[in-house]
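Going by this note's numbering, the sequence shown opens with residue 85, and the numbers climb by one from there.
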Amino acid sequence: MRNIRPAAVAGAFYPGDPRALLAEVDELLETVESFVPRFGHPKALIVPHAGYIYSGRVAASAYRELASARGVVRRVVMLGPVHRVPVRGLALPTSEAFVTPLGRIPIDRDAVKAASALPQVVVSAPAHAMEHSLEVQLPFLQRVLGAFALVPFAVGDASVEEVAQVIERLWGGPETLIVVSTDLSHYHAYDEARRIDGATLERIERLSADLNHDQACGATPLNGLLRVARTRGLKIRRLAACNSGDTAGDRDRVVGYASFALDEGAPVDQADAGRALVDVARGAIAADLGLGAKPQTAAPAWLKQPGATFVTLKKEGALRGCIGSLEAQRPLGEDVAANAVNAAFRDPRFPAVIAAEWQQVEVEVSLLSTPCSLRFADEAELLEAIVPGEDGLILEADGRRGTFLPQVWESLPDKRQFLAELKRKAGVPADTWITRCKLSRYRVLKFRQQALD
85 MRNIRPAAVA GAFYPGDPRA LLAEVDELLE TVESFVPRFG HPKALIVPHA
135 GYIYSGRVAA SAYRELASAR GVVRRVVMLG PVHRVPVRGL ALPTSEAFVT
185 PLGRIPIDRD AVKAASALPQ VVVSAPAHAM EHSLEVQLPF LQRVLGAFAL
235 VPFAVGDASV EEVAQVIERL WGGPETLIVV STDLSHYHAY DEARRIDGAT
285 LERIERLSAD LNHDQACGAT PLNGLLRVAR TRGLKIRRLA ACNSGDTAGD
335 RDRVVGYASF ALDEGAPVDQ ADAGRALVDV ARGAIAADLG LGAKPQTAAP
385 AWLKQPGATF VTLKKEGALR GCIGSLEAQR PLGEDVAANA VNAAFRDPRF
435 PAVIAAEWQQ VEVEVSLLST PCSLRFADEA ELLEAIVPGE DGLILEADGR
485 RGTFLPQVWE SLPDKRQFLA ELKRKAGVPA DTWITRCKLS RYRVLKFRQQ
535 ALD
């Protein structure tokens with residue numbers, strides 16, 4: 085166990101019990117409503133590092149951005165400021181793994197070797213032993229990414245150029261995520277903190293690499309990332325910002341928090357993505373009909389990210405089949421192909437599609453956002469929260485589950501009727517109190533190809 089860095093702040097900054105920690109991380113992630121499915125994932129994140137009761141929701145807004153990175157990101161390079169043990173340079177640990185209540189995370193030895201060739205990179209077990217700025221990020225990463233290797237730097241006295249050089253050395257490709265941990269101003273009165281932090285947020289958005297430690301306690305690693313981001317032409321997005329006076333503290337002496345995502349390269353065009361998804365769906369069905377070769381499901385690269393889709397088939401305006409996934413559990417390309425084949429040949433409501441009718445079948449692919457739990461005290465509050473025409477709903481009760489896509493609002497525009505029919509579809513008795521049900525909502529991007537004749 086000498087080569088394992090154990091959790092140092094579990095039970096203080098976040099729950100020490102694995103089940104309680106998992107529940108809290110899931111709850112924080114579910115509070116972030118992100119209704120636009122993304123193609124690809126950020127190259128870098130900027131996140132706060134206070135206890136979860138203070139900054140957990142702000143951090144979750146960043147980690148929610150990694151929903152499509154599971155199975156793609158295999159290495160996380162993390163940089164956070166030292167709080168207890170001063171160090172010159174950027175300190176790596178001596179350990180071979182970090183441990184949290186959610187399990188063990190191996191250190192990427194190849195990356196450590198590459199970084200250690202730089203003179204500003206040192207090794208310091210004391211710098212890491214009680215450092216919370218890195219540790220509090222790990223349960224979020226474990227939950228959203230699954231398996232990955234870690235390259236943790238406890239950053240002390242270092243120049244912008246020294247930090248930037250380390251980040252550049254380990255930049256990698258889509259398999260590598262950069263995470264910088266920092267809070268904003270400390271211990272000002274609420275209104276003064278908002279003024280100071282507002283100016284700091286604007287400077288971060290301009291990729292200004294000259295922040296000081298009164299503006300951000302992690303200014304040293306943050307400036308290094310912002311320097312690289314400007315050099316490489318990354319685009320930055322502010323995700324959330326608040327201070328401890330907004331969450332769980334008083335307003336006399338507050339600490340500021342913010343999260344950002346930094347994206348590399350041009351965004352994927354939605355129309356192009358839609359055509360690619362429909363082509364995969366049509367190709368998969370045609371191949372099973374003996375009318376062509378199986379489609380490519382791994383190129384372009386974003387087809388390899390996890391995704392949840394529904395494939396809907398219509399013939400002469402009438403439903404001909406609909407099968408889908410509510411959770412992103414396999415690569416997007418594979419999910420579309422499998423759901424297309426199931427909609428065509430395994431929907432129990434319809435006979436299998438045959439070659440003679442294939443040209444008359446219209447294919448629609450719906451790409452789902454990650455579902456978010458709806459919190460409500462009674463039916464009136466739920467009805468107020470639902471957005472007809474936009475929300476897809478998942479209803480769960482007593483081990484039963486059903487969903488309606490947003491498209492169903494076209495035939496069921498009344499909210500109460502929509503919920504009643506959703507109960508029926510899920511197999512939930514009509515007289516079940518809605519407050520006994522768990523409701524989640526999602527949105528979709530819809531892509532359609534008309535019948536070919």
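All C-beta atoms in this analysis are idealised placements derived from N, C-alpha and C, irrespective of residue type, glycine included.
C-alpha distance - residue i paired with residue j, whole-angstrom precision
{"i": "M85", "j": "R188", "result": "Low confidence applies to M85: its pLDDT is 41, below 50, so where it sits in the model is not reliable, and the reading given next is rough at best. When rounded, the distance between both Cα atoms is 12 Å."}
{"i": "S524", "j": "V247", "result": "42 Å"}
{"i": "D110", "j": "R154", "result": "15 Å"}
{"i": "V528", "j": "S450", "result": "6 Å"}
{"i": "A368", "j": "D281", "result": "52 Å"}
{"i": "V445", "j": "P435", "result": "14 Å"}
{"i": "S453", "j": "R103", "result": "26 Å"}
{"i": "R227", "j": "A440", "result": "47 Å"}
{"i": "P190", "j": "R159", "result": "10 Å"}
{"i": "L489", "j": "V116", "result": "20 Å"}
{"i": "F182", "j": "Q204", "result": "23 Å"}
{"i": "T519", "j": "E286", "result": "43 Å"}
{"i": "P177", "j": "F224", "result": "21 Å"}
{"i": "A233", "j": "I88", "result": "14 Å"}
{"i": "S179", "j": "S118", "result": "36 Å"}
{"i": "L202", "j": "A91", "result": "28 Å"}
{"i": "A481", "j": "G511", "result": "9 Å"}
Delimiting residues of the alpha helix (DSSP H) encompassing residue i
{"i": "S328", "result": "S328 to T331"}
{"i": "I251", "result": "V244 to R253"}
{"i": "S139", "result": "Y136 to Y147"}
{"i": "I369", "result": "Q354 to D372"}
{"i": "G417", "result": "L416 to F429"}
{"i": "R508", "result": "K499 to A510"}
{"i": "L129", "result": "Here L129 belongs to no alpha helix (DSSP H); instead the beta strand (DSSP E) covers A128 to V131."}
{"i": "A181", "result": "Premise fails: A181 lies in the beta strand (DSSP E), A181 to T184, not in any alpha helix (DSSP H)."}
{"i": "R484", "result": "Run containing R484: none in the alpha helix (DSSP H); it sits in the beta strand (DSSP E), R484 to F488."}
{"i": "R193", "result": "R193 to S200"}
{"i": "E465", "result": "E463 to A469"}
DSSP beta-bridge partners of residue i
{"i": "R159", "result": "A233 and T260"}
{"i": "H297", "result": "Per DSSP, none; premise fails for H297."}
{"i": "E411", "result": "Answer is none; E411 lacks a bridge partner."}
{"i": "I320", "result": "L346"}
{"i": "D241", "result": "R172"}
{"i": "E446", "result": "K398"}
{"i": "E111", "result": "DSSP output for E111 lists no bridge partner at all."}
{"i": "V205", "result": "L174"}
{"i": "V338", "result": "H272"}
{"i": "I88", "result": "A181"}
{"i": "T393", "result": "L451"}
Of the listed residues the options, nearest to residue i (C-alpha basis)
{"i": "Q389", "options": "S139, R404 and V420", "result": "V420"}
{"i": "S152", "options": "G173, A91, F123 and P165", "result": "F123"}
{"i": "Y138", "options": "L496, E463, N327 and A392", "result": "N327"}
{"i": "G340", "options": "A134, P99, A96 and L105", "result": "A134"}
{"i": "R278", "options": "R168, G329 and R287", "result": "G329"}
{"i": "R485", "options": "E411, E463 and E474", "result": "E411"}
{"i": "R141", "options": "Q221, P177 and G302", "result": "Q221"}
{"i": "V120", "options": "A427, P415 and V352", "result": "V352"}
{"i": "L129", "options": "T315, K319 and V250", "result": "K319"}
{"i": "P415", "options": "E448, S217, R172 and V156", "result": "V156"}
{"i": "E400", "options": "V447, A324 and E180", "result": "V447"}
{"i": "D405", "options": "L150, V131, A300 and P432", "result": "In the sequence as displayed, the identity of residue 405 is Gly instead of Asp. For the residues L150, V131, A300 and P432, the minimum Cα distance to G405 belongs to P432."}
{"i": "Y98", "options": "V244, L186 and I262", "result": "L186"}
{"i": "R359", "options": "K530, L150 and A107", "result": "K530"}
{"i": "V437", "options": "L106, I288, G257 and D372", "result": "D372"}
{"i": "E494", "options": "D475, G483, L479 and A510", "result": "D475"}
{"i": "L150", "options": "K127, D267 and I407", "result": "K127"}
Beta-carbon contacts of residue i that lie in its chain and below 6 Å, excluding the five residues immediately before and after
{"i": "I470", "result": "K499"}
{"i": "F237", "result": "L163 and L174"}
{"i": "V171", "result": "S208, A211 and G240"}
{"i": "L113", "result": "A144 and R148"}
Residues of its chain near residue i, where Cβ-Cβ distance is below 7 Å and the 5 sequence neighbours each way are ignored
{"i": "V364", "result": "P379, T381, G417, V420 and A421"}
{"i": "L254", "result": "V161, A195, A198, A199, V235 and T260"}
{"i": "L458", "result": "L466, A469, L523, S524 and R525"}
{"i": "V166", "result": "A211, E215, A238, V239 and G240"}
{"i": "D336", "result": "A273"}
N-terminal and C-terminal residue of the beta strand (DSSP E) that residue i is part of
{"i": "Y271", "result": "H270 to H272"}
{"i": "Y98", "result": "Unbroken run through Y98: none, as it is neither H nor E."}
{"i": "G473", "result": "Looking at the DSSP string, G473 is not in any beta strand (DSSP E), and its letter there is neither H nor E."}
{"i": "K530", "result": "V528 to Q533"}
{"i": "G187", "result": "G187 to P190"}
Sequence-distant residues of its chain with Cβ nearer than 8 Å to residue i (five each side left out)
{"i": "G374", "result": "A439"}
{"i": "I251", "result": "V161, L163, I262, G308, L309 and V312"}
Test: residue i CB closer than 7 Å to a CB of chain D
{"i": "A392", "result": "The question asks about chain D, but that chain is absent: this structure has only one protein chain."}
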